[in-house]
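Visitor: Have a look at this one.
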Amino acid sequence: MTGIIISLLIVPLFSALLVFMIPNSRKEIFRPIGIVFSLITLTQCFYLLFSDYGKTKFVILSNYKWIQSYGLEISLGISGMSTLLLLLTSLLVCVSLLSIGNEHAESKGFIGSLLALHFAINGVFISGDLISLFIFFEALLIPMYFLMGIWGGENRRYATIKFILYTVFGSVFIFIGTVYAAVISYGANGALAVDFDSLASLALTSSQSKTLFLLFTFGFLIKVPIFPLHTWLPDAHVEAPTAGSILLAGVLLKVGAYGILRVSIPFFTEGFLAYKNFVAVLSVIGIIYGAIVAIAQIDIKKLIAYSSVSHMGYVMLGISAGGYLSIEGAIIQMINHGITAGALFMLVGFLYERRHTRNISSFGGIKITMPRYAAIFLFTSFASIGLPGLNGFVGEFMILMGSFNSYKFLTSIAAFGVVLAAIYMLWAYQRIFTGPISNEKNESLKDLDIRETLSIVPLVLLMLFIGIYPSYIESFVIQEAGFISETIALFKDIK
Amino acid sequence: MVNFKPTVFAEGELVYTDGGILAEYAWLLVVLPFVAALVITFTGKYLPLKGAEVALTTIGVIFLYSAALMYLHITGGVVNEFFINVGSIGVFDIEFGWVVDGLSIMMYFVVGTVALLVFIYATNYMEGEIRYTFFFTSLTLFAGSMLVLVSSPTLIQILIGWELVGVCSYLLIGHYWEKKDNSSAAMKAFITNKIADVGLMIGIIILALNTGTLRISEILYQSTHNYEKLSTVAFVAAILLFIGAMGKSAQFPLHVWLPDAMAGPTPVSALMHAATMVTAGVYLLARMFPFYKAMAPEALDVVMLFGVITLLAAGLIAVVQDDLKKVLAYSTVSQLGYMVAAIGSGAYTAALFHLWTHAFFKALLFLGAGSVIHAVHSNSMLEMGGLRKVMPKTFATFIIGTVALAGLPPFAGFFSKDEILASFNHEGETTFFFIAVLGAFITAFYMTRAVSLTFLGEYRGHGHPHESHNLMTTPLLTLSVFAIASGWVNIPGVYTGFTDWVTTRKNKIVEYHPESFDLFALSSGLLAGLLGIGLGYYFYQLQGSAETGDDKIKIQPIWSVLENKYYLDHFYFKFVIDPVKINISKAVDKFNTNVIDRFVNGFGQVASLMGGVVYNNFDQNGIDKLLNMSSTGTDNFGGKVKLLQTGKTQQYLMLFLGGVVTISLLILFII
């Protein structure tokens, strides 16, 4: 099993290096190489999913001594939630490689960066200690920096710097937290042990727990992003190239919520209990606020970006409610939002490649020329709105149900996010697809070709599958959600 | 995982059967339409009838199956429910399944019958129309979604069917999406319903959290057995469920979507108004009736109030409409008001009985209207008139539908409306009783007006109208039979089979049901109907309005209030929709850019400013001077490092990755 875990790092890394070593004269094979290697990773993730570790809480599988004299170790491990997120990452890398236009697909740097990003994201989800979590957390900024800074849109410099600075600003707090935790651990164990097992056994005082919770959570919340720390997201999304947006929305946003579930809550539970109401209020503001701002957008990509703020608000609401059902819902919502938002960004990318604009008003009536595209877009919109029978509903319903007893008022407000979601998605759909063709440039638009259809169909099928049979995906997170919520409940009892 | 074991228990006194194999396979009713929709989607274009044959066959099978169930139920009584467990969320089992009991069998039969006739009609009506195949896919799905809803033994399945119905209506209302009004109407329907759905969803969550189950029969059992946890939240949950029902069943003030939904093709309107969508709310209230009755009787008063407001308010608007379909649409809203008010008064059977008869005669009226519109190519009654001569079959059947709606014996509406009036009378709701009688008068009046303007007098249009194809008139004739006879299944003192059908349920229904005719209610209702017809005939026929299409009784300002639908749409647009869509969202967006984001940018600017100050004053003049002294050696090294800084991303990345590899190798092997 250790071999599989390590290879989750090595395979993407090797493929990235491979792409860099191939001469530019063979540029047509960059994309196939990327796809093949991401498929290998995908297969490995499936193997993990069906192994003994596909359904557990986090288990550390291997330790590597790093700085021996201080007892500092690098630990790698796996859990149900990690496996699902790894699977989502590989899938999104694979389909986004397939979906991008030739301009990007034949660029060595682009494909290489994407695969390097894959490597770094995988690292985050298998990290078993604070140090490696921090390293990978930072490492994924580097390829993202290139993807956005070089292949981004017009305003890419501003967006890239904002994205990097914002995240790094948050990372500073995570770093301080890591050092603080290490120091506390050194006092207790005589070693700088910050792996998750040691952290769990640390006896923290109330103020230590609160301080550490704030330090870590602040950094993670920027990544989620939660209101009012969200303004980097729309700029980053709009300026990033399609593949970048897919991974940004699909996976990078989940890293924040993942960190909170993995580190902030289990290890600093007292801090969590002290500040959870505050987080819940911000989440619900984010749900409504993100949705309302989305209504006002004239750029399709920005609209979807703000919808992400709204949808991630549900995740944070579920997490802060802290119950079994709500945390389970939050994890499932993370996966589902990854699928749906990824698909939406991919779809917008298809349109952008054809018309080189994302302005809603430059479309209208294109359902006539692109019926297949319109159907898939509508389907995905319904999944995003949270229609029962499709994936978006599953997580949101579980979150609302799980949070209701803790936050009756907030949850009721949050439920209206669904109405606002219907307004901004369907209104955008109406303006883009229905009515007569208002712009003559749209008269000759080509419908999706086979490559494009193939890259979106897996996501569409997943939306349907998870929506109809949610307990399958749920079975992988039962233990983990149970563990996290029990940690919280136990702590409440002790208090 | 699949629990096919039938669970039967009798809470009432009647003896039921478990329905045997017919009940066991009733899932076919739900699954078939979805299979058919897939088949039509992928093969429809290559079939001789462009997919309509698949849809027709499917609905035909559903009709036959529901008829067989109906027969079984009438002869033996069937109560059974089946669950398929698909896992759990938290402590809640997620179960799908199907209920086979009086209430659901009645709904299967209504959906099956009306849908079959509408489908047959649509094959001709929609001939040559754009997206013919897709139309049949959506129509099949529409019927299927409704069956998902009415077959549901769990609240979660109700929610799924509920939303699927919403989506199908969105697709069908917006069928002619090339025109903006149509896609706007579709959106309005979906979003108005979505607002109501929030109520339903929270209601379901509250019920589930306080009963520990999502099974409806279980919740109803707890309701009738005084479970304390449930009783504390019952009122709130009951109101929230009713808000959900208000959306689908178009109760005031959430009815605004239904008249706009006329933007869809007429067969869609017929199906939507009779069987597959607007009845969902009434069905939900009926399904949950034992809960309302036992745990939240105060909520029933609220239900009744809204029902009565709706029946009067919508009826009045129908009087001033010039669009034939809109008259019928407001009439539906008004009749739904009767049903909801009936449930509110505790008359479970009366409400369902009206749902039953209304489904047939309203489908008849809509299809008749469609036949007329097909002939004159206009919705406006001002461009009709005199059509009785050229469209005798349509005329005759439309008259039957009208009389049934107006409530004259022996037509169907008479019996069902009378039961509702009798129930109001019995409950001592004098005010509501008289409003309902007034509503009956208004109903008869606006229908007479519609008939006069459409069929009587002289033709005012410019086309050459002719009788419709047999494929359209046959469903009309068939529905006329139902519009006459469907009321005979529940005649107090003579035959009350319908009462037995719909009260044969797992959970016992406690309600008032008249043993014999309430002569006061009967004569009031009848008088109101006759008066309405008479006055309508007087104004629109004898006074000659039908000749000119001109309303002689327009009384300002009431008329304009009614024509503007109580300014409700204006209100919504001015104070809800436009503010949200434009003012609020723009304002929040501005706040987002100008306040939050400016703060972020300002933060960055201050940081870079400070960096500049520190750099110029401290760094360059202070530290750097010291360093410059030792820089000669560094220059050498810097020159070499500079070679690496080529500005090429790929090399940067290469170095990054190389670094990663080196470090990992170090970790793995050396240390």
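Taken in sequence, the protein lines are chains A and B. Here the working numbering = 1-based position in the first sequence + 25. Here the working numbering = 1-based position in the second sequence + 1107. Ideal Cβ placement from N, Cα and C applies to all residues, glycine included.
(1) Quick one: give me the first and last residue of the beta strand (DSSP E) that Lys90 (chain A) is part of.
(2) Closer than 8 Å between beta carbons: that is the criterion. Which residues of the stretch 498-512 of chain A meet it against chain B?
(3) Would you say Ser496 (chain A) lies against chain B (beta-carbon separation less than 8 Å)?
(4) Using three-state DSSP, classify Val44 (chain A) as helix, strand or coil.
(5) Who are the near neighbours of Asp1408 (chain B) in its chain, counting only those whose CB is closer than 8 Å to its CB and skipping five residues on each side?
(6) Let me know if His1569 (chain B) comes out buried or exposed under the rule of 16 or more other beta-carbons within 10 Å of its beta-carbon.
(7) Check Pro1155 (chain B) in the structure and name its three-state DSSP category.
(8) Beta carbons nearer than 7 Å to chain B: which residues of the stretch 305-338 of chain A have them?
(9) Rounded to a whole number of angstroms, what is the C-alpha to C-alpha distance between Ile385 (chain A) and Thr1464 (chain B)?
(10) So if I threshold CB-CB distances at 7 Å, which residues from the stretch 431-450 of chain A count as touching chain B?
(11) Looking at the structure shown, is Asn302 (chain A) part of a helix, part of a strand, or coil, going by DSSP?
(12) Inspect the beta-carbon positions of Asp1625 (chain B) and Ala1547 (chain B) and report whether they are closer than 8 Å.
(13) Pop quiz: Leu1474 (chain B) and Ala1377 (chain B) are said to be a contact at Cβ under 8 Å. What is the actual Cβ separation, rounded to whole angstroms?
(14) Classify Gln1442 (chain B): buried if its beta carbon has 16 or more other beta carbons within 10 angstroms, exposed otherwise.
(15) For Gly390 (chain A), which of helix, strand or coil comes out of DSSP?
(16) Does Gly460 (chain A) have its Cβ less than 8 Å from a Cβ in chain B?
(17) Can you check which of these residues, B:Val1221, B:Glu1236, B:Tyr1239, is closest to Met1090 (chain B) by C-alpha distance?
(18) Got a sec: is the Cβ-Cβ distance from Leu74 (chain A) to anything in chain B below 8 Å?
(19) So, are the CB atoms of Leu1279 (chain B) and Gly1354 (chain B) less than 8 Å apart?
(20) Rounded to whole angstroms, what is the Cα-Cα separation between Ala319 (chain A) and Pro495 (chain A)?
(21) To the nearest angstrom, how far is the alpha carbon of Leu38 (chain A) from that of Thr1150 (chain B)?
(22) What is the DSSP secondary structure of Ile609 (chain A), reduced to helix, strand or coil?
(23) May I ask you to report which of helix, strand or coil DSSP gives Tyr72 (chain A)?
(24) Report yes if the CB atom of Val1218 (chain B) is closer than 8 Å to the CB atom of Thr1439 (chain B), and no otherwise.
(25) Could you give the DSSP three-state label for Gly1740 (chain B): helix, strand or coil?
(26) The ligand PLP and Ser463 (chain A): does the residue's C-beta get closer than 7 Å to at least one heavy atom of that ligand?
(27) Less than 8 Å between CB atoms is the rule here; does Leu139 (chain A) satisfy it with respect to chain B?
(28) Name the residue from B:Met1411, B:Phe1243, B:Arg1705 whose alpha carbon lies nearest to the alpha carbon of Glu1536 (chain B).
(29) For Ser1630 (chain B), does the three-state DSSP call read helix, strand or coil?
(30) What does Phe1190 (chain B) touch in chain A if you count any residue whose Cβ is under 9 Å from its own?
(31) Against chain B, with Cβ distances strictly below 8 Å, would Lys52 (chain A) count as a contact?
(32) What's the C-alpha gap between Glu421 (chain A) and Leu97 (chain A)?
(33) So, is the C-beta of Asn1187 (chain B) closer than 8 Å to a C-beta in chain A?
(34) Tell me whether Phe1199 (chain B) sits in a helix, a strand or coil according to DSSP, three-state version.
(35) Relative to chain A, which residues along the stretch 1275-1286 of chain B have a C-beta separation below 9 Å, given in chain order?
(36) Do you know whose CA, among A:Trp452, A:Thr394, A:Leu73, lies nearest Phe407 (chain A)'s CA?
Guide: For this structure:
(1) Where Lys90 (chain A) is concerned, the enclosing beta strand (DSSP E) stretches over 84-92.
(2) For the stretch 498-512 of chain A, residues whose beta-carbon sits nearer than 8 Å to a beta-carbon of chain B comprise Glu499, Ser500.
(3) Contact of Ser496 (chain A) with chain B is assigned, a C-beta pair being separated by under 8 Å.
(4) DSSP places Val44 (chain A) in helix when its eight states are reduced to three.
(5) Scanning its chain for C-beta atoms nearer than 8 Å, with the 5 sequence neighbours on each side dropped, one finds around Asp1408 (chain B) the residues Gly1451, in chain order.
(6) With fewer than 16 Cβ atoms within 10 Å of its Cβ, His1569 (chain B) is classed as exposed.
(7) Coil.
(8) Residues passing the 7 Å Cβ filter: Tyr314, Ile317, Val318, Ile320, Ala321.
(9) For the pair Ile385 (chain A) and Thr1464 (chain B), the Cα-to-Cα distance works out to about 47 Å.
(10) Hits within the stretch, in order: Ser437, Ala440, Phe441, Val443, Val444, Ala447, Ile448.
(11) Helix, per DSSP.
(12) No.
(13) Confirmed, about 5 Å.
(14) Taking all protein chains shown into account, Gln1442 (chain B) has 16 or more neighbouring C-beta atoms within 10 Å of its C-beta and is therefore buried.
(15) In the displayed model, Gly390 (chain A) falls within coil according to three-state DSSP, outside both helix and strand.
(16) Yes, its Cβ sits closer than 8 Å to a Cβ of chain B.
(17) Given that chain B is displayed from residue 1108 to residue 1778, the structure contains no residue 1090 (chain B) and the question cannot be resolved.
(18) No, Leu74 (chain A) does not count as interfacial toward chain B.
(19) In this structure, Gly1354 (chain B) does not lie closer than 8 Å to Leu1279 (chain B) by Cβ.
(20) In this model, Ala319 (chain A) and Pro495 (chain A) are separated by some 28 Å (Cα to Cα).
(21) Looking at the backbone, the Cα of Leu38 (chain A) and that of Thr1150 (chain B) are separated by about 46 Å.
(22) Look at the range of chain A in this structure, 26 to 520, and you will see that residue 609 (chain A) is not part of it.
(23) In the structure shown, Tyr72 (chain A) falls within a helical segment according to DSSP collapsed to helix, strand and coil.
(24) In this structure, Val1218 (chain B) sits away from Thr1439 (chain B), with a CB-CB distance that is not shorter than 8 Å.
(25) For Gly1740 (chain B), the predicted model reports a pLDDT of 48, less than 50, meaning its position is unreliable; a value from the coordinates is still stated below. Three-state result, Gly1740 (chain B): helix.
(26) Ligands displayed in this structure: none; no statement on the ligand PLP is therefore possible.
(27) Judged by the 8 Å Cβ criterion, Leu139 (chain A) is not in contact with chain B.
(28) Each of B:Met1411, B:Phe1243, B:Arg1705 was checked against the Cα of Glu1536 (chain B), and the nearest Cα belongs to B:Met1411.
(29) Correct three-state label for Ser1630 (chain B): helix.
(30) Under a criterion of Cβ atoms nearer than 9 Å, no residue of chain A is adjacent to Phe1190 (chain B); the nearest Cβ is some 14 Å distant.
(31) Interface flag for Lys52 (chain A) against chain B is unset, since no Cβ pair is found closer than 8 Å.
(32) Taking the straight line from one Cα to the other gives about 40 Å.
(33) Chain A contact via Cβ: absent.
(34) Of the three classes helix, strand and coil, the one that applies to Phe1199 (chain B) here is strand, per DSSP.
(35) Under the 9 Å Cβ criterion, the stretch 1275-1286 of chain B contributes Tyr1277, Leu1278, Gly1281, Trp1284, Glu1285, Lys1286.
(36) For the options A:Trp452, A:Thr394, A:Leu73, the alpha carbon positioned closest to that of Phe407 (chain A) is the one of A:Trp452.
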